[in-house]
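If you count the sequence shown from 1, position 141 lands on 199 in the working numbering, and the numbers rise without skipping. Each residue gets a CB set at the ideal place from its N, CA and C atoms; glycine is no exception.
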Amino acid sequence: MNSSERFRGCLLGLAAGDAVGTTVEFQRRGSFPPVKDMVGGGPFDLQPGQWTDDTSMALCLATSLVEVGGFDAVDQMNRYCNWYENGYLSSTGECFDIGNTVRKALSQYKISSNPFSGSTNPMSAGNGCLMRLAPIPMFYLKDRDRVLHYCGESSRTTHGAAECIDASRLFGDILFRALTGASKT
């Protein structure tokens, strides 16, 4: 499998998994029957195939990396704000859901212009920074050190807690290894 096929699989897997998962979003594991198809619905009453904030933010990050030609936290935050305010890259044309940690970081960014507005409070250490991360290992595939660095920087934009930064670097390394065809063992 070549890099292009791995990239395609990574992004399509993210979007498809998000669209399948929205059916049971926010429900406790074991409180619903197994989801066996892409049926939509869920708390946002989405159509089959529509994705959530997780994929929208990944698309914002990917678009920023490609259009700017590298990591630019200001451009990323502007794209996240455009998604939040105008539905940019949303599957429905509007932002119908946003995590509290992301919302607070975007609000802080609008006030301060500091693109690294993610709360450093461990109580805000959610997983939203992980959901959008895949474009960074794809973009910097030839340089593992840059993958790890920019995965941490990406987290800081909305999730500045040390746990989030470390988790983003770890997940980025896992994605890097998968995208480069490393052995699973």
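Rounded to the nearest angstrom, the gap between the Cα atoms of T150 and W109 is 8 Å. Assignment of S148 by DSSP, reduced to helix, strand and coil, places it in the coil class.
Judged by pairs of C-beta atoms under 8 Å, the region 73-93 does not touch the region 156-166, as fewer than three such pairs exist. According to the DSSP secondary-structure assignment, H217 is paired through a beta bridge with S177.
Each of T215, R227, P180 was checked against the Cα of P195, and the nearest Cα belongs to R227.
Only residues of its own chain outside the window of five on either side were considered, and among them A219, E221, C222 have a CB closer than 6 Å to the CB of A183, listed in chain order.
DSSP places Y167 in the uninterrupted alpha helix (DSSP H) bounded by 158-170. For A73, the enclosing alpha helix (DSSP H) stretches over residues 61-79. With a contact defined as Cβ atoms closer than 8 Å, T215 and G176 qualify at about 6 Å.
The straight-line gap separating the alpha-carbon atoms of D112 and Q105 is approximately 16 Å. When DSSP states are grouped into helix, strand and coil, G99 belongs to the strand group. In the displayed model, L191 falls within coil according to three-state DSSP, outside both helix and strand.
CA-CA distance, F234 to F102, rounds to 32 Å. Annotated three-state conformation of L104 is strand, per DSSP.
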